[in-house]
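Numbering (my numbering), first residue to last: 4 to 505.
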């Protein structure tokens with residue numbers, strides 16, 4: 004029996020999945036690490052945390068499974084898009100990686116929109132925003148000139164970790180698209196766009212297909228991870244596309260609804276969709292795209308709420324041996340749909356679709372003395388769902404033929420949240436058993452290594468439907484009325500948030 008290893012690096016943790024070639028998940032391991040907020044609006048990660056998490060998780064799944072590491076045919080990594088790791092000539096990390104939700108490059112992004120919008124959209128298939136690497140590197144050049152002068156290589160998070168494993172200075176075409184340095188129609192780096200940030204082409208990695216076989220693993224990497232030098236290392240891709248793939252969304256007409264750290268709604272189509280409110284990316288399946296709408300603080304909002312305002316629930320959960328989210332959901336389930344007109348807007352780090360406004364802030368609105376903690380729990384779940392409804396309306400306006408929607412992401416584990424989102428969108432949502440990007444990475448490793456003859460075969464073997472969630476018509480009516488108020492709250496408060504930004 005051959006095995007396949009996928010490792011994901013997310014917003015707050017890394018997860019590894021060990022997959023058998025017959026489609027069974029043999030073992031998993033998760034290792035949390037911090038995300039840092041050194042100033043208001045700044046978000047950073049330490050690349051060393053990702054590498055340490057990989058070592059921990061790989062050793063853990065090998066130990067749990069009891070397999071011979073030499074039987075791991077291939078491994079593949081993935082991570083969030085736009086998170087650039089800057090290295091000097093000695094391959095030392097120059098500064099913490101600016102995470103994609105960071106807002107510090109607001110001025111640089113606005114300048115790009117004003118002066119280069121049409122050219123960037125033509126080359127990148129996307130419009131400038133603070134999340135892209137281009138304005139982030141412009142910020143580093145303007146505000147940390149000494150660090151900028153030291154840049155010898157620019158890698159993205161999964162590529163940095165893989166560079167530590169194999170020495171390959173490469174990235175895949177999907178992560179490259181997320182940089183805003185790429186000429187997408189020509190599938191190469193754009194000297195013109197790189198010049199806007201003072202980046203030379205030599206600083207950027209070679210662009211390859213996600214299924215390209217790299218390596219081999221170095222002797223040092225094998226000693227640190229416990230892996231065998233026989234294991235092939237695959238180029239990999241970004242977290243969202245591998246979640247999409249892990250849920251079996253590999254055909255036009257399918258759509259994914261992502262309830263993770265960030266949220267996205269992505270239809271599967273055979274070409275780019277010409278709409279600046281969408282983020283356009285190619286799929287790992289050749290010939291397909293997964294353009295999407297996005298909300299920045301999806302499950303991240305619930306995590307913030309848990310860590311900031313639910314410390315009693317965390318203590319009680321520890322006593323009971325359950326997840327704090329279980330207790331939070333349990334309380335929220337006792338509140339009627341609409342949370343008695345208590346609203347939450349999840350703009351904790353600004354917002355993407357449909358506003359693309361980094362100045363927006365999160366808020367609870369409509370608080371009454373009759374509201375309990377449970378009301379706040381449910382209002383938060385509903386507020387995130389409202390933000391995804393905002394995203395869904397952009398997709399609906401494209402008049403696409405959507406045959407099926409699959410729900411993905413860590414938030415999809417919550418039955419209550421799944422139902423709220425289903426009721427709010429008014430569509431059936433299909434949940435699969437194992438649906439995170441580490442599974443998708445393992446599946447991609449299998450396609451690249453020949454364990455699966457095609458993407459379709461990998462889905463047939465590995466993807467299993469767990470539940471089909473159906474919308475409640477009465478709840479849909481309630482949420483339709485509330486959505487109008489949700490939009491009005493945004494419109495009323497947006498000028499206030501801009502005034503706060505100065």
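Glycine included, each C-beta is placed from N, C-alpha and C at the ideal position.
query = At which residue ranges does the region 315-364 contain complete beta strand (DSSP E) runs of 3 or more residues, listed in the order of the chain?
reply = Every beta strand (DSSP E) stretch that sits fully inside the region 315-364 and reaches 3 residues is listed by chain position as 346-348.
query = Are residue 162 and residue 58 touching if we call contact CB-CB under 9 angstroms?
reply = Locating residue 162 in the chain shown gives position 159, counting from the first residue. Locating residue 58 in the chain shown gives position 55, counting from the first residue. In this structure, residue 58 does not lie closer than 9 angstroms to residue 162 by Cβ.
query = According to the Cβ coordinates, are residue 352 and residue 368 closer than 9 angstroms?
reply = As a working mapping, residue 352 is identified with position 349 in the chain shown. As a working mapping, residue 368 is identified with position 365 in the chain shown. No.
ask   = Is it right to say residue 342 is buried, meaning 16 or more other beta carbons lie within 10 angstroms of its own, or is it exposed?
value = Counted from its first residue, the chain shown places residue 342 at position 339. Burial call: buried.
query = Going by DSSP, which residues form a beta bridge with residue 297?
reply = For the purposes of this step, residue 297 is identified with residue 294 of the chain shown, where counting begins at 1. Paired residue(s): 267.
key: Cβ neighbours of residue 20 in the same chain (closer than 7 angstroms, five flanking residues each side left out)   = Counting from one through the chain shown, the residue named residue 20 turns up at place 17. Excluding sequence neighbours, residue 20 sits near 9, 28, 31, 441, 442, 445.
query = What distance in whole Å lies between the Cβ atoms of residue 37 and residue 160, which are believed to be in contact at a cut-off of 8 angstroms?
reply = The count along the chain shown starts at 1 and reaches residue 160 at position 157. The count along the chain shown starts at 1 and reaches residue 37 at position 34. Incorrect: roughly 15 angstroms between the Cβ atoms, too far for contact.
task = Give the C-beta separation of residue 467 and residue 504 to the nearest angstrom, bearing in mind that I take them to be a contact with Cβ-Cβ under 8 angstroms.
result = Here residue 467 refers to the residue found at position 464 of the chain shown. Here residue 504 refers to the residue found at position 501 of the chain shown. Cβ-Cβ separation between residue 467 and residue 504: approximately 47 angstroms, too far for a contact (criterion under 8 angstroms).
query = Are the region 163-179 and the region 223-236 touching by the rule of at least three beta carbon pairs closer than 8 angstroms?
reply = These segments touch.
ask   = Below 8 angstroms, can you find three or more Cβ-Cβ pairs linking the region 60-70 to the region 123-135?
value = The region 60-70 vs the region 123-135: no contact.
ask   = Can you check whether the CB of residue 397 is closer than 9 angstroms to the CB of residue 296?
value = Translated into positions along the chain shown, residue 296 becomes position 293. Translated into positions along the chain shown, residue 397 becomes position 394. Judged by beta-carbon spacing, residue 397 lies within the 9 angstroms limit of residue 296, meaning their Cβ atoms are closer than that value.
Sub-9 angstroms separation of residue 134 and residue 114 beta-carbons = Start at 1 with the first residue of the chain shown, and residue 134 comes out as number 131. Start at 1 with the first residue of the chain shown, and residue 114 comes out as number 111. Not a contact, by the Cβ cut-off of 9 angstroms.
request  = May I have a chain-ordered list of the alpha helix (DSSP H) segments no shorter than 4 residues that lie completely inside the region 385-440?
outcome  = If we require 4 residues or more, the alpha helix (DSSP H) runs fully inside the region 385-440 come out as 418-428.
task = State the Cα-Cα distance for the pair residue 357 and residue 489, rounded to the nearest angstrom.
result = The residue you call residue 357 lines up with position 354 of the chain shown. The residue you call residue 489 lines up with position 486 of the chain shown. Using only the alpha carbons, I get a separation of about 13 angstroms.
request  = Please determine, among 298, 125, 218, 241, the residue with the shortest C-alpha to C-alpha distance to residue 177.
outcome  = The residue you call residue 177 lines up with position 174 of the chain shown. Scanning 298, 125, 218, 241 for the CA closest to the CA of residue 177 turns up 241.
key: Selection from 43, 76, 35 that minimises the alpha carbon distance to residue 234   = For the purposes of this step, residue 234 is identified with residue 231 of the chain shown, where counting begins at 1. Its Cα nearest to that of residue 234, the residue 76 stands out among 43, 76, 35.
query = Taking just the CA atoms, how far does residue 394 sit from residue 300?
reply = One-based indexing of the chain shown puts residue 300 at position 297. One-based indexing of the chain shown puts residue 394 at position 391. If you draw a straight line from the Cα of residue 300 to the Cα of residue 394, it is about 13 angstroms long.
request  = Check whether the Cβ atoms of residue 370 and residue 425 lie closer than 9 angstroms to each other.
outcome  = Position 367 of the chain shown, counting from 1, holds the residue named residue 370. Position 422 of the chain shown, counting from 1, holds the residue named residue 425. No, these two residues do not count as a Cβ contact at 9 angstroms.
task = Report the residue from 333, 125, 198 whose alpha carbon sits nearest the alpha carbon of residue 189.
result = If you number the chain shown from 1, residue 189 lands on position 186. Nearest option by C-alpha distance: 125.
Given residue 43 as reference, the closest of 457, 148, 362 once Cα atoms are compared = As a position in the chain shown, residue 43 is number 40, starting the count at 1. Of 457, 148, 362, the residue nearest in Cα terms is 362.
key: Alpha-carbon spacing of residue 256 relative to residue 404, whole angstroms   = In the chain shown, residue 256 corresponds to position 253, counting from 1. In the chain shown, residue 404 corresponds to position 401, counting from 1. Cα to Cα, the separation comes out at about 6 angstroms.
message = Tell me which residue opens and which closes the beta strand (DSSP E) that residue 237 is part of.
response = In the chain shown, counting from the first residue as 1, residue 237 sits at position 234. For residue 237, the enclosing beta strand (DSSP E) covers residues 235-241.
task = Check whether the Cβ atoms of residue 109 and residue 48 sit closer than 9 angstroms, and answer yes or no.
result = Reading the chain shown from its first residue, position 106 is the one you call residue 109. Reading the chain shown from its first residue, position 45 is the one you call residue 48. At the C-beta level, residue 109 and residue 48 stay beyond 9 angstroms of one another.
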